[in-house]
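In order, the protein sequence lines correspond to chains A and B.
Numbering-wise (the working numbering), the first sequence opens with residue 1 and increments by one.
Numbering-wise (the working numbering), the second sequence opens with residue 1001 and increments by one.
By construction, the Cβ of each residue, glycine as well, lies at the ideal position given by its N, Cα and C atoms.
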Amino acid sequence: MKKRSLGKTWIYLLLIAGAVFFMIPFFWMFSTSLKSYDDVFAFPPVWWPSEVLWSNYADLLVELPFLRYTLNTVIVTGMTLLGFMLSSSVVAFGFSYFRIPGKKVLFRILLVTLMIPPQVTMIPQFVLFNKLGWVGTFLPLIVPTFFGGAFSIFLLKQFFDTVPREFSDAAKLDGANEWKIFLKVYLPLSKPALATSALFIFIWTWTDFLNPLIYLNDDRMYTLSIGLQQLSTSRTTAWPQLMGGSVLMTLPIIVLFFLAQKTFIQGIQVGGIKS
Amino acid sequence: MKKVLAITVILAVAMVGLAKTELSFWYAWGGDEGKALLALVEEFNASQNEIVVRPVFVPIGQGEKINTALAGSSTPDIVTIWDWMVVPLGESGALIPLNDYLGSAGIDESDYLPGVWSYGAYRGIKYGLPTTLNAYAFMWNKALFKEVGLDPDRPPENIQELDRYAELLFKQDTRGNIRRLGFLPNVSHIYFYVFGGQLWDPETEEITANHPGNVAALDWVASYYKKFDLQKIRVFQATWGEMASSYNPFYRGQLAIQEAGQWELLFIKQFAKSDFEYGVSPFPAPEGGREKVAYLNGSFWAIPKGSKYPDQSFEFLKWLTDKDQAARFAAELSNIPPRVDAIDNQAFQSKMLPNMEIYIDMLTNGYVYFFPTLPIGLYYMEELNQALQYVQSGAKTAEQALNDVQQAVIRELGRYE
Chain A
1 MKKRSLGKTW
11 IYLLLIAGAV
21 FFMIPFFWMF
31 STSLKSYDDV
41 FAFPPVWWPS
51 EVLWSNYADL
61 LVELPFLRYT
71 LNTVIVTGMT
81 LLGFMLSSSV
91 VAFGFSYFRI
101 PGKKVLFRIL
111 LVTLMIPPQV
121 TMIPQFVLFN
131 KLGWVGTFLP
141 LIVPTFFGGA
151 FSIFLLKQFF
161 DTVPREFSDA
171 AKLDGANEWK
181 IFLKVYLPLS
191 KPALATSALF
201 IFIWTWTDFL
211 NPLIYLNDDR
221 MYTLSIGLQQ
231 LSTSRTTAWP
241 QLMGGSVLMT
251 LPIIVLFFLA
261 QKTFIQGIQV
271 GGIKS
Chain B
1001 MKKVLAITVI
1011 LAVAMVGLAK
1021 TELSFWYAWG
1031 GDEGKALLAL
1041 VEEFNASQNE
1051 IVVRPVFVPI
1061 GQGEKINTAL
1071 AGSSTPDIVT
1081 IWDWMVVPLG
1091 ESGALIPLND
1101 YLGSAGIDES
1111 DYLPGVWSYG
1121 AYRGIKYGLP
1131 TTLNAYAFMW
1141 NKALFKEVGL
1151 DPDRPPENIQ
1161 ELDRYAELLF
1171 KQDTRGNIRR
1181 LGFLPNVSHI
1191 YFYVFGGQLW
1201 DPETEEITAN
1211 HPGNVAALDW
1221 VASYYKKFDL
1231 QKIRVFQATW
1241 GEMASSYNPF
1251 YRGQLAIQEA
1261 GQWELLFIKQ
1271 FAKSDFEYGV
1281 SPFPAPEGGR
1291 EKVAYLNGSF
1301 WAIPKGSKYP
1311 DQSFEFLKWL
1321 TDKDQAARFA
1331 AELSNIPPRV
1341 DAIDNQAFQS
1351 KMLPNMEIYI
1361 DMLTNGYVYF
1371 FPTLPIGLYY
1381 MEELNQALQY
1391 VQSGAKTAEQ
1401 ALNDVQQAVI
1411 RELGRYE
């Protein structure tokens, strides 16, 4: 009995050590956001500034249209999430559920698209969106997401494959069509996979620099990742303010993770049928 | 009724908008530098009724956005780009040559600092106008000179003396860790020119990577990394603080002599202790070498081929690079304006930091060079860095390494022509 609890203590100690280790970068970012410019580079490092400068955050609001950038980022990320989740889950269901000839080949082609480096398609894609007259709007960032994302399709399809066939057969006997099976059987069972996929998409889009940079031509439409660049002059960077911006930019990701944590961990195995 | 009113207002705004030519101007300066530029743009917009310049902040980076936009023919009217990007973009047909515009505006070589006219040009075609310039000089810490018994007001007269100073100023602890570096050549091609060599022959328009002066200079540069041990230097450099802070190794006494851009004058004023004493001079040269070598770099303004209003765009650039504006912008950035009349301008002179006159003198009376703006400039630069590494590690002699660079660069340039 004693031995077991001792073992647990070690595990907790290890976990706490791990957690602290992973929290150091965030802590450093936060403490830097409250430092004076020169304290940022102090050696030995200043872990916590003697004089806490909350005014760095105020600078951010004065120097930049920070709220506008946040709103733009929320719009782009929100629409991207919606687009990817809607389209990818439907496509993944199709790949997983239906028995159609050629399905395997199509799926392989889909996977191959994951291996093409984005730099290769960047310019042709830009030319395409330019011809459509979409450059300088949010459309090139949002519309493609409604046509599915290979990564989330792959992730969801693998998860859907683990849903026992008996579930859908039972639903079919009760008179459900494929659409209903998708909505009432597959989706509710796949919350962890959906949440994981959504989290990845959120992080990629929220922090994306290259796509907004290429497609947006008006600083009033900029997202946070580009907007924050304006804190740098040709030789210096306002690090405390930049870190303040980064704290605010990272906060939603952390909050989201805590909120969705349960979903990630719950139901890794899909139960329900007694064999 | 409200609707009618709203439509009328929209129409009125649209009419006013139509009457003026709107130029999209991609600029790349953040912070106070950005504000200074925006103030100039506003002034231009208010100064006349024909053109409205709409500035958009676009970080240059490695040209991700600019290259994509130019390739996808969705271009602004004016772009801001690095010096090494000008000719490659221009030669690929993405930028408008400015020779005719400059000619009809009566702007010529004599308006610019000596040597600057060919900067950003290739085979006589000018693809951009320099925004502001950075220049490099020789800078030393006077207190450390005194400490080792050197005259703090006298820089080394030649390369031999510099070598001696560097050894005198060098300090290590009992375990052999470096505590202070006397001097370390950093931008090697500066010494190519100091030793009488050159990267490119402007007369014959040929690559001269293996010029005997370059070979001697590369040997000399590599000798520092051998003498003070590359590994130990890297370990020591890892303890250096951020340049733009009071932890800068130069005013912390970790590096006694350095190659310093003119922005260091501003940094010293901002970050160094008030009693910090330093001297600035041109680089010491060996016998038969070049005196007062000034290395320049900077960014450019250019007009993309896709611009709908190239005439108006040039009109704006002409205004922006004219003496008053160039002087004010350079003063704000602690850079050097590329035009002679801008340097003499009160707006620049009144804000000039101490010792800036030494840089100006090097630029006006010395030997000015910039990294040749070739269609393959970046490739050339990377090859040279590689060569230095070969020589440092002893894999090649300086002559071998530079002969190889010469061949590689000529081959690469041949693919363009």
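Look up residue i in the DSSP assignment and say whether it is helix, strand or coil.
i                        : result
threonine 145 (chain A)  : helix
glycine 1063 (chain B)   : coil
serine 1274 (chain B)    : coil
leucine 228 (chain A)    : helix
threonine 1021 (chain B) : strand
proline 1130 (chain B)   : strand
arginine 165 (chain A)   : helix
alanine 1398 (chain B)   : helix
methionine 249 (chain A) : helix
tyrosine 222 (chain A)   : coil
glutamate 1259 (chain B) : strand
tryptophan 134 (chain A) : coil
serine 1299 (chain B)    : strand
tyrosine 12 (chain A)    : helix
isoleucine 116 (chain A) : coil
valine 52 (chain A)      : coil
tyrosine 1416 (chain B)  : coil
Quick one: list the residues of chain B neighbouring residue i, beta-carbon separation under 8 Å, in chain order.
i                        : result
isoleucine 214 (chain A) : Glu1064, Lys1065, Thr1068, Ala1069
glutamine 230 (chain A)  : Gly1030, Gly1031, Gly1034, Phe1057
Note down, in chain order, each residue of its chain lying with its Cβ closer than 6 Å to the Cβ of residue i, except the 5 sequence neighbours on either side.
i                         : result
threonine 205 (chain A)   : Thr77, Thr80
alanine 1326 (chain B)    : Pro1337, Arg1339, Ala1342
methionine 1362 (chain B) : Pro1282, Lys1292, Ala1294
glutamate 1412 (chain B)  : Ile1376, Tyr1379
lysine 191 (chain A)      : Thr263
Chain A partners of residue i, CB-CB under 8 Å?
i                     : result
valine 1056 (chain B) : Asn217, Asp218, Asp219
Sorted by chain position, which residues of the same chain lie with C-beta nearer than 8 Å to residue i's C-beta, five sequence neighbours on each side aside?
i                         : result
tryptophan 1200 (chain B) : Glu1206, Ile1207, Thr1208, Pro1372, Leu1374
methionine 85 (chain A)   : Ser152, Leu194, Ser197, Ala198, Ile201
valine 1187 (chain B)     : Tyr1136, Glu1259, Tyr1295
asparagine 1134 (chain B) : Gly1261, Gln1262, Trp1263, Leu1296, Asn1297, Gly1298, Asn1335, Ile1336
Can you list the residues of chain B that residue i reaches, using a CB-CB cut of under 7 Å?
i                        : result
arginine 235 (chain A)   : Ala1244, Trp1263
leucine 210 (chain A)    : Glu1064
threonine 174 (chain A)  : Per the sequence shown, residue 174 (chain A) should be read as aspartate rather than threonine. The contacting residues do not exist; aspartate 174 (chain A) stays about 53 Å from chain B at best.
methionine 122 (chain A) : Thr1068
alanine 238 (chain A)    : Gly1031
valine 135 (chain A)     : Ser1074
Since residue i meets chain A, which of its residues come closer than 7 Å, beta carbon to beta carbon?
i                      : result
lysine 1333 (chain B)  : Note on identity: in this sequence residue 1333 (chain B) is leucine, with lysine being the wrong assignment. Ordered by position in chain A, the residues that pass the 7 Å Cβ test against leucine 1333 (chain B) are Ser234.
glycine 1072 (chain B) : Ile123, Phe126, Val127, Asn130
glycine 1241 (chain B) : Phe41, Phe43
Leaving out five residues on either side along the sequence, give the residues of the same chain with a beta carbon under 7 Å from the beta carbon of residue i.
i                            : result
phenylalanine 1329 (chain B) : Ala1036, Leu1037, Leu1040, Thr1132
threonine 137 (chain A)      : none
glycine 1196 (chain B)       : Gly1213, Gly1288, Gly1289, Arg1290
lysine 1146 (chain B)        : Pro1152
aspartate 39 (chain A)       : Val46, Pro49
asparagine 72 (chain A)      : Met221, Tyr222, Thr223
glutamate 1383 (chain B)     : Val1405, Ala1408, Val1409
Could you tell me if the beta carbon of residue i falls within a distance shorter than 7 Å of some heavy atom in the ligand ATP?
i                     : result
valine 1148 (chain B) : The model on display carries no ligand, and the ligand ATP is accordingly not part of it.
Could you tell me which chain B residues have their CB closer than 9 Å to the CB of residue i, listed as they occur along the chain?
i                      : result
aspartate 38 (chain A) : Ser1245, Ser1246, Tyr1247, Phe1271
- Start-end ranges of the beta strand (DSSP E) lying completely within the region 1336–1384 of chain B, minimum 3 residues: Qualifying beta strand (DSSP E) stretches, in chain order: 1367–1370.
- Query: Three or more C-beta pairs closer than 8 Å, one from the region 1202–1212 of chain B and one from the region 1231–1250 of chain B: is that the case here?
  - Reply: At 8 Å Cβ cutoff, the stretches do not touch.
- the region 1338–1351 of chain B / the region 1369–1382 of chain B touching (three or more Cβ pairs under 8 Å): With fewer than three CB-CB distances shorter than 8 Å, the region 1338–1351 of chain B does not count as touching the region 1369–1382 of chain B.
- Should the region 1253–1261 of chain B be called in touch with the region 1166–1186 of chain B, which here means at least 3 C-beta pairs below 8 Å? Yes, the region 1253–1261 of chain B is in contact with the region 1166–1186 of chain B.
- Query: So does the region 51–64 of chain A actually touch the region 1279–1295 of chain B, counting three or more Cβ pairs closer than 8 Å?
  - Reply: Counting Cβ pairs under 8 Å, fewer than three are found: no touch.
- Message: With a threshold of 8 Å, are at least 3 pairs of Cβ atoms found where one atom belongs to the region 1275–1291 of chain B and the other to the region 1149–1165 of chain B?
- Response: Counting Cβ pairs under 8 Å, three or more are found: they touch.
- Query: Can at least three beta-carbon pairs, one atom from the region 123–136 of chain A and one from the region 1056–1064 of chain B, be found at a separation below 8 Å?
  - Reply: Contact fails: fewer than three Cβ-Cβ distances are below 8 Å.
- Item | Completely contained alpha helix (DSSP H) runs for the region 1049–1129 of chain B, where each covers 4 or more residues | Correct list: 1064–1071, 1083–1091, 1099–1104.
- Query: Are the region 1215–1234 of chain B and the region 1390–1410 of chain B touching by the rule of at least three beta carbon pairs closer than 8 Å?
  - Reply: The region 1215–1234 of chain B is in contact with the region 1390–1410 of chain B.
- Item | Touching by the beta-carbon criterion (3+ pairs, under 8 Å), the region 170–180 of chain A and the region 1028–1038 of chain B | By the Cβ test, the region 170–180 of chain A is not in contact with the region 1028–1038 of chain B, since fewer than three Cβ pairs between them sit closer than 8 Å.
- Task: Write down every uninterrupted run of the alpha helix (DSSP H) in the region 61–99 of chain A whose length is 4 residues or greater and which is fully enclosed by it, in chain order.
- Result: Listed in chain order, they are 66–97.
- Query: Of all the beta strand (DSSP E) runs that stay within the bounds of the region 1127–1202 of chain B, which reach a length of 3 or more residues?
  - Reply: Taking 3 residues as the shortest admissible run, the region 1127–1202 of chain B contains the following complete beta strand (DSSP E) segments, listed from N- to C-terminal end: 1129–1141, 1178–1180.
- Query: Does the region 125–134 of chain A come close enough to the region 216–230 of chain A that 3 or more CB-CB pairs lie under 8 Å?
  - Reply: Contact fails: fewer than three Cβ-Cβ distances are below 8 Å.
- Message: Tell me whether the region 1303–1314 of chain B and the region 1076–1087 of chain B touch, counting them as touching only if at least three CB pairs, one residue from each stretch, are closer than 8 Å.
- Response: A contact exists between the region 1303–1314 of chain B and the region 1076–1087 of chain B.
- Curious, which full-length alpha helix (DSSP H) runs of at least 4 residues does the region 1199–1252 of chain B contain? 1212–1227, 1230–1237, all fully within the region 1199–1252 of chain B.
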